[in-house]
Amino acid sequence: MNLKLLKELSEAPGVPGREERVRDILKRECKGLFDETTIDPMGSLIATKHVKGAGKKKSPSVMLACHIDEIGFYVRHVDDKGFVRVINVGGFDTRNLLARRVMIQAFSGEDLVGVMNPTGRPIHIAKEEDKKKVPEINDFFIDLCLPPDEVKRKVRVGDPVTLMQSFTELGHCVTGKCLDNRVAAFVAIEALRKCKKPKYDVILAATVQEEVGLRGAGPACYTA
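Right, here's the structure in full:
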């Protein structure tokens, strides 16, 4: 198994609407495997392998569709202390966001690493009723550990933010970020490497914006 590719796909950032880094990996892997590769208006990657010897005759086709975006955030505000506030894209269980490392793909062109936490007292001095509260997304801030003026110079409203999690082998399994969708892209690519002489036109559709309403899948069917 090509774990190097799976690791690369898992760790690449790609919130809905900003999937370009994941798409670039797949576009690279598609070279030599497909007869045609295009990017549709939504940003989905559409790659087609034609039946050999079919001539001008229209062949039936099979689509392997997999979404490549992940749940994440966008910057909505940078306060005077340099703390970054975000809005979520996709659903989160906020109990899993405490003290999480995140990466901002910043306006400056840098990947800025920070720590996400909710406002309020730390647990060792919090009141009992506060310990029972589940924080909301609006309660969280990101600390980049940089001076406020530097944060404001580098970060803009609308910059995408992703969780950071290392891809790790655990026995006969792996753990990592957004494997629910990136595994599908990985399986599709690896399957098509083995598909030397397809009986039908085979289409890979690496679709965008699934996490915010399946927005890329429908248009991809018409593009293909």
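Position one of the sequence shown corresponds to residue 22 (this note's numbering), numbered consecutively onward.
Where is the CB? At the ideal position from N, CA and C, for every residue including glycine.
All values derive from a computational prediction rather than experimental measurement.
Going straight from the alpha carbon of residue i to that of residue j, what length do you get?
i, j, result
"Ala127", "Leu133", "7 Å"
"Gly239", "Glu149", "48 Å"
"Ala33", "His98", "24 Å"
"Val110", "Thr183", "10 Å"
"Cys242", "Ala86", "9 Å"
"Ser31", "Val204", "8 Å"
"Pro169", "Arg39", "26 Å"
"Leu26", "Ala147", "44 Å"
"Lys102", "Leu191", "40 Å"
"Asn117", "Asn202", "19 Å"
"Ile92", "Val233", "9 Å"
"Cys216", "Gly135", "43 Å"
"Leu66", "Ile60", "5 Å"
"Asp45", "Val96", "23 Å"
"Ile108", "Phe94", "5 Å"
"Cys166", "Val223", "48 Å"
Which residues mark the beginning and the end of the alpha helix (DSSP H) in which residue i is found?
i, result
"Val43", "Glu41 to Cys51"
"Leu24", "Leu24 to Glu32"
"Asp222", "Looking at the DSSP string, Asp222 is not in any alpha helix (DSSP H); the run it does join, the beta strand (DSSP E), is Asp222 to Thr228."
"Pro169", "Pro169 to Lys175"
Which stretch, first to last residue, makes up the beta strand (DSSP E) that contains residue i?
i, result
"Pro240", "Taken as a continuous stretch (DSSP letters only), Pro240 belongs to no beta strand (DSSP E), being part of the alpha helix (DSSP H) at Ala238 to Thr244."
"Asn202", "First-last for Asn202: Leu200 to Lys215, but that is the alpha helix (DSSP H), not the beta strand (DSSP E)."
"Glu190", "Thr189 to Leu191"
"Glu57", "Glu57 to Ile60"
"Val195", "Cys194 to Thr196"
"His88", "Ser82 to His88"
"Leu184", "Pro181 to Leu184"
"Leu54", "Premise fails: Leu54 is in no beta strand (DSSP E) and is neither H nor E."
Would you decide whether residue i is buried or exposed? Buried here means 16 or more other CB atoms lie within 10 Å of its CB.
i, result
"Arg236", "buried"
"Pro181", "buried"
"Leu37", "The question names Leu, yet the displayed sequence has Pro at residue 37. When all chains shown are included, Pro37 counts as buried."
"Leu119", "exposed"
"Ile144", "exposed"
"Thr140", "exposed"
"Cys51", "buried"
Cβ pair count under 8 Å reaching 3, the stretch 166–182 against the stretch 193–202: no
Inter-stretch contact at 8 Å, needing at least 3 Cβ pairs: the stretch 156–165 / the stretch 211–221: no
Every unbroken beta strand (DSSP E) inside the stretch 96–166 [3 residues or more]: 105–110, 121–126, 132–139 and 161–164
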